[in-house]
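**Student:** From first to last, the protein sequence lines are chains A and B. Going by the working numbering, the first residue of the first sequence is number 3, and it counts up by one from there. Going by the working numbering, the first residue of the second sequence is number 6, and it counts up by one from there.
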Amino acid sequence: MTGLREVIVKADMLRDGLAPDFRDQMVENLYLEADRISSRAVKQAGDAKWDLDQRVDRLVTSPLFGLPLMVLLMTAVFWLTIVGANIPSQMLATALFWVEARGADLFQSFGSPWWLTGFLWNGVWRGLAWVISVMLPPMAIFFPVFTILEDLGYLPRVAFNMDWLFRRAGAHGKQALSMAMGFGCNAAGVIATRVIDSPRERLIAILTNNFVPCNGRFPTLIMLATIFVAAQFPPLFASIAAAGAVAGIVLLGIGFTLVVSAVLSRTLLQGEASAFTLELPPYRRPSVLRILYTSLIDRTLFVLWRAMLTAAPAGAVIWILANIHVSGASLARHIADFFQPFGYLLGLDGVILLAYVIAIPANEIVVPTMLMMYLGAGSMSEMESFDEIRKVLVDQNGWTLLTAVNLMLFSLLHNPCATTILTIWKETRSGKWTAIGALMPLAIAFGVTFLVAQVVRLW
Amino acid sequence: MSLPGHDCDNCPAGAHLERMGIRLEKFDRLVALAGNPNTGKSSVFNSLTGLKQHVGNWPGKTVARAEGGFAFNGIRYKLVDLPGTYSLLSASQDEEISRNFLLFGRPDCTIVVVDATALERNLNLVLQVLEITSKVVVCVNLMDEARRKGLEVDVRSLARDLGVPAVGAIARTGEGLSELIQTVAGVIAGEIATRPLRPKHPAEIEEAIGELAPMIEAAVPGVPNARWIAYRLLDGDHRMRQALSTGELAELVKAEGAPVEAAQSKLISLQGRQ
Numbered sequence: 003m004t005g006l007r008e009v010i011v012k013a014d015m016l017r018d019g020l021a022p023d024f025r026d027q028m029v030e031n032l033y034l035e036a037d038r039i040s041s042r043a044v045k046q047a048g049d050a051k052w053d054l055d056q057r058v059d060r061l062v063t064s065p066l067f068g069l070p071l072m073v074l075l076m077t078a079v080f081w082l083t084i085v086g087a088n089i090p091s092q093m094l095a096t097a098l099f100w101v102e103a104r105g106a107d108l109f110q111s112f113g114s115p116w117w118l119t120g121f122l123w124n125g126v127w128r129g130l131a132w133v134i135s136v137m138l139p140p141m142a143i144f145f146p147v148f149t150i151l152e153d154l155g156y157l158p159r160v161a162f163n164m165d166w167l168f169r170r171a172g173a174h175g176k177q178a179l180s181m182a183m184g185f186g187c188n189a190a191g192v193i194a195t196r197v198i199d200s201p202r203e204r205l206i207a208i209l210t211n212n213f214v215p216c217n218g219r220f221p222t223l224i225m226l227a228t229i230f231v232a233a234q235f236p237p238l239f240a241s242i243a244a245a246g247a248v249a250g251i252v253l254l255g256i257g258f259t260l261v262v263s264a265v266l267s268r269t270l271l272q273g274e275a276s277a278f279t280l281e282l283p284p285y286r287r288p289s290v291l292r293i294l295y296t297s298l299i300d301r302t303l304f305v306l307w308r309a310m311l312t313a314a315p316a317g318a319v320i321w322i323l324a325n326i327h328v329s330g331a332s333l334a335r336h337i338a339d340f341f342q343p344f345g346y347l348l349g350l351d352g353v354i355l356l357a358y359v360i361a362i363p364a365n366e367i368v369v370p371t372m373l374m375m376y377l378g379a380g381s382m383s384e385m386e387s388f389d390e391i392r393k394v395l396v397d398q399n400g401w402t403l404l405t406a407v408n409l410m411l412f413s414l415l416h417n418p419c420a421t422t423i424l425t426i427w428k429e430t431r432s433g434k435w436t437a438i439g440a441l442m443p444l445a446i447a448f449g450v451t452f453l454v455a456q457v458v459r460l461w
Numbered sequence: 006m007s008l009p010g011h012d013c014d015n016c017p018a019g020a021h022l023e024r025m026g027i028r029l030e031k032f033d034r035l036v037a038l039a040g041n042p043n044t045g046k047s048s049v050f051n052s053l054t055g056l057k058q059h060v061g062n063w064p065g066k067t068v069a070r071a072e073g074g075f076a077f078n079g080i081r082y083k084l085v086d087l088p089g090t091y092s093l094l095s096a097s098q099d100e101e102i103s104r105n106f107l108l109f110g111r112p113d114c115t116i117v118v119v120d121a122t123a124l125e126r127n128l129n130l131v132l133q134v135l136e137i138t139s140k141v142v143v144c145v146n147l148m149d150e151a152r153r154k155g156l157e158v159d160v161r162s163l164a165r166d167l168g169v170p171a172v173g174a175i176a177r178t179g180e181g182l183s184e185l186i187q188t189v190a191g192v193i194a195g196e197i198a199t200r201p202l203r204p205k206h207p208a209e210i211e212e213a214i215g216e217l218a219p220m221i222e223a224a225v226p227g228v229p230n231a232r233w234i235a236y237r238l239l240d241g242d243h244r245m246r247q248a249l250s251t252g253e254l255a256e257l258v259k260a261e262g263a264p265v266e267a268a269q270s271k272l273i274s275l276q277g278r279q
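1) Which residues in the same chain have their Cβ closer than 8 Å to the Cβ of P221/A, if we skip the five residues on either side of it in sequence?
2) Below 7 Å on C-beta distance, what does A277/A contact in chain B?
3) Just tell me which of G252/B, N230/B, A123/B and L84/B has its CA closest to the CA of L38/B.
4) Please report the straight-line C-alpha distance between S383/A and R170/A, rounded to a whole angstrom.
5) How big is the Cα-Cα spacing for H206/B and K140/B?
6) Would you call the stretch 298 to 313 of chain A in contact with the stretch 234 to 251 of chain A, where contact means no fewer than 3 C-beta pairs closer than 8 Å?
7) At a CB-CB cut-off below 9 Å, which residues of chain A make contact with R246/B?
8) I'd like to know whether the C-beta of I367/A is nearer than 8 Å to at least one C-beta of chain B.
9) Where does A247/A fall in DSSP's three states?
10) Does any residue of chain A have a CB that is nearer than 8 Å to the CB of G195/B?
11) Determine the chain B residues that contact L71/A at a beta-carbon separation under 7 Å, and present them in chain order.
12) Note down the Cα distance separating A240/A from A103/A, rounded to an integer number of angstroms.
13) Give, in chain order, every unbroken run of the beta strand (DSSP E) that is at least 3 residues long and sits entirely within the stretch 36 to 83 of chain A.
14) Verify whether the separation of the beta carbon atoms of A309/A and A364/A is less than 8 Å.
15) Indicate the three-state DSSP secondary structure (helix, strand or coil) for Y82/B in the structure shown.
16) Quick check on V369/A: does DSSP put it in helix, strand or coil?
17) Nearest by alpha-carbon distance to R292/A: which of L223/A, L348/A, H336/A and E152/A is it?
18) By DSSP, does R431/A sit in helix, in strand, or in coil?
19) I need the DSSP call for H416/A, collapsed to helix, strand or coil.
20) Would the C-beta of I299/A count as close to the ligand NAD, meaning under 7 Å from any of its heavy atoms?
21) Could you please give the first and the last residue of the uninterrupted beta strand (DSSP E) stretch that includes R34/B?
22) Which same chain residues, not among the five before or five after G86/A, have their C-beta less than 6 Å away from its C-beta?
23) Specify, as a first and last residue, the run of the beta strand (DSSP E) that N146/B falls within.
24) Of all Cβ atoms in chain A, is any one closer than 8 Å to the Cβ of M220/B?
25) For H336/A, which three-state DSSP category applies?
26) Which residues in the same chain as E213/B place their Cβ atom closer than 7 Å to its Cβ, once the five residues preceding and following it in sequence are excluded?
27) Beta-carbon within less than 7 Å of L395/A's beta-carbon, same chain only, minus the 5 sequence neighbours each way: which residues are those?
28) Give me the subset of the stretch 29 to 48 of chain A whose CB atoms are less than 9 Å from a CB atom of chain B, sorted by chain position.
29) Is there a Cβ of chain A sitting closer than 8 Å to that of I210/B, yes or no?
30) What first and last residue would you give for the beta strand (DSSP E) that runs through A171/B?
31) With DSSP as the reference, label D166/B as helix, strand or coil.
32) Just the chain A side, please: which residues come within less than 8 Å of P201/B by C-beta, in chain order?
33) Hey, could you find the ends of the beta strand (DSSP E) G19/A is sitting in?
34) Check whether the stretch 434 to 454 of chain A and the stretch 202 to 220 of chain A are in contact - that is, three or more C-beta pairs closer than 8 Å.
35) Quick one: residues in its chain with C-beta nearer than 8 Å to the C-beta of E253/B, no 5 flanking neighbours on either side, listed in chain order?
36) So what does A76/B bridge to, in DSSP terms?
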């Protein structure tokens, strides 16, 4: 039996004996053949019609207007999401917390022990209620709109517009595509990097995908923008200001993607950006039914279900931490106090850091976790409005604009969720890159929030 | 599963198509779906299987394999939607998934979906697929868009030149798809003979392939299309060389059509849900 080694040696030897331009020759033959066949099969019947696609593309991908249009479009999408989600969110919260109160009453009337009632209704149920009311409405708006843009064919245009930026960062232009997928889900974004040929550029795309906020983190950003940024403006401009703040954070994330890509490609992953062809597909009319199916069933419900799976146990853990008292204070208080000095350094506080630790499996439950800990078990179960949340945070827990801004920054930059880390491992099969993918963003998040906090306090 | 009493009222007359979604426990024939990105491959896939694989309008949307099933005239087909690629020659991971499946998955037939509005570019991939397998049907999709652009595509001329059947289609509306399945069934049954166009290599290369191919066959018993693998090695295909020397190639041959990427396609459906 011939050994593999021999085959390789023989192949290398034979290859050396071939004409050096052999490969070019083969490719050229292929192209000539394709040209010959297609010129026989395709006839241009009459003049090409007035081409709307090209006119639109001239504007959408123009060097001057391309990127500003993109930012404008993005802000518009966030604005729609914020304005549209506000009222349904409050209605859902009211309804679900009403059920909580009735459920707890019902349990008490059956004479169930206080800890069982508390655990199930003020723990598990409340975790679910927060996740559903904070996440469902924004997702149900954001995903269909995003899917419409995707089906229209806008994403390749984004890649086209951003190509020069990525090239200057030493990364692959198609990274814009995986980045765009990251807005939906970073794990999906990491998988989408498979379209990048070069392993070096693919790794860069994988390691930096986390810097675009996924839909799990959007509700955090949207809520903070609505509560804190919008409150600084007169009501007329409030929602626009909130949308602008979210868009600003996303742009900052894109900025971090580019800067970190550039640093990586000049240090750990050195090399040139490779050339590639990108097809700008014709604009296609999106099909409404499919968009509804994809965005509501495949995306919204899927993400919500995942969030609920982690929110229920998280709610239970929080309730337990809040209700086990050691030397006069709850366990949650003790842990939060322990984190407090470190949180203060970052412009955050102990409760926020504890919420992030509990929410490691899924970023989407950070805000609900945080709120549950601030509001305490049983003390206040019904949330009338977002404005009331703001009062609780500001008046009772000492939040400032710095806390809100740094929480938005931390949410944007910190480590990817467990699913994404697992996906990085599956795609790279490397402990080293997985560790870098998880720890580098965390270090950056600590660094940036620390700096911002120090600068603001110096003032 | 036989199909007596199946309500064909819902099917177009004459086309005995039953969409089987992901019920894939048993199937009689394996059909691969290849094509350039953004040619409507996923639309063809959805129309045939009744599944709702997300159809995006950007190249690179499908990066893993999706599988679905349909039955036609009592024969059950498993349809594998491969990642869209421009070529099978370089070695990004999506191209490798496609290429490995065409080589080692041993599909009974391969449908190559091409974009009628950009035929020339799409033909590069068709010619490359024809080098690997001869059981091919070309689906010329987006005929409506071509018409809008004032292009007339002569499907017969295309079929004649390529030596394999070509069918015009508008996958989004389902037009032409029953003819497509009929043609696929005909090719598999051997009723439609295919004589794929394979551009002749220069003599010195033919000679080198002739020397190398038998060695590959000896080193990796049962390997499909050793000539093509030899050609790739001579072309300096890095991934192919690596796959051969690490024994990965032999593993793939042994797996013989077992889902090479099953773990990953599952992954996709668990996370992200494209």
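C-beta atoms are modelled at their ideal positions from N, C-alpha and C, and glycine is treated no differently. Just so it is clear, the structure is predicted and the values come from calculations on it, not from any experiment.
**Tutor:** On the basis of the data shown:
1) Counting only Cβ-Cβ distances below 8 Å, and skipping sequence neighbours, we find V136, M137, P140, M141, E366 and V369.
2) A277/A does not reach chain B, its nearest Cβ partner there being about 12 Å away, counting only Cβ pairs nearer than 7 Å.
3) Ranking G252/B, N230/B, A123/B and L84/B by Cα distance to L38/B puts L84/B first.
4) Low confidence applies to S383/A: its pLDDT is 46, below 50, so where it sits in the model is not reliable, and the reading given next is rough at best. If you take the alpha carbons of S383/A and R170/A, they lie about 52 Å apart.
5) Inter-residue distance for H206/B and K140/B is about 21 Å (C-alpha atoms, whole angstroms).
6) Touching, no, given that fewer than three Cβ pairs across the two stretches are closer than 8 Å.
7) Here the neighbours are I10, A13 and D14.
8) No, I367/A does not count as interfacial toward chain B.
9) Three-state result, A247/A: helix.
10) So, not an interface residue.
11) Here the premise fails: no neighbours, minimum Cβ distance about 18 Å.
12) The straight-line gap separating the alpha-carbon atoms of A240/A and A103/A is approximately 32 Å.
13) Secondary structure within the stretch 36 to 83 of chain A: the beta strand (DSSP E) runs of 3 or more consecutive residues, fully enclosed, are 44 to 46 (chain order).
14) In this structure, A364/A lies closer than 8 Å to A309/A by Cβ.
15) Collapsing the DSSP output to three states places Y82/B in a strand.
16) Here DSSP, grouped into helix, strand and coil, assigns V369/A to helix.
17) When C-alpha distances from R292/A are compared across L223/A, L348/A, H336/A and E152/A, the shortest belongs to E152/A.
18) Correct three-state label for R431/A: coil.
19) Of the three classes helix, strand and coil, the one that applies to H416/A here is coil, per DSSP.
20) Looking for the ligand NAD in the displayed structure turns up nothing, as the structure carries no ligands at all.
21) It spans R34 to G40 - the beta strand (DSSP E) in which R34/B sits, taken as one unbroken run.
22) A distance below 6 Å between beta-carbons, with the five flanking residues on each side excluded, links G86/A to the following residues of its chain, in chain order: I143.
23) Judged by DSSP secondary structure, N146/B falls within the beta strand (DSSP E) whose first and last residues are V141 to N146.
24) Between M220/B and chain A, the shortest Cβ-Cβ separation is below 8 Å.
25) Three-state result, H336/A: helix.
26) The amino acid at residue 213/B is misidentified as Glu; the sequence shows Ala. Correct list, in chain order: L239.
27) So the qualifying residues of the chain are Y376 and W401.
28) Correct list: V29, N31, L32, Y33, L34, E35, A36, D37, R38, I39, S40, S41, R42, A43, V44, K45, Q46, A47 and G48.
29) Answer yes: the Cβ-Cβ gap between I210/B and chain A drops below 8 Å somewhere.
30) Where A171/B is concerned, the enclosing beta strand (DSSP E) stretches over A171 to G173.
31) The answer is helix: DSSP assigns D166/B an H, G or I state.
32) At a beta-carbon threshold of 8 Å, none of the residues of chain A lie near P201/B; the nearest stands roughly 12 Å away.
33) Where G19/A is concerned, there is no enclosing beta strand (DSSP E), although the alpha helix (DSSP H) it sits in stretches over L6 to G19.
34) The answer is yes - the stretch 202 to 220 of chain A touches the stretch 434 to 454 of chain A, with three or more Cβ pairs under 8 Å.
35) Q247.
36) Bridge partners of A76/B: E23/B and R81/B.
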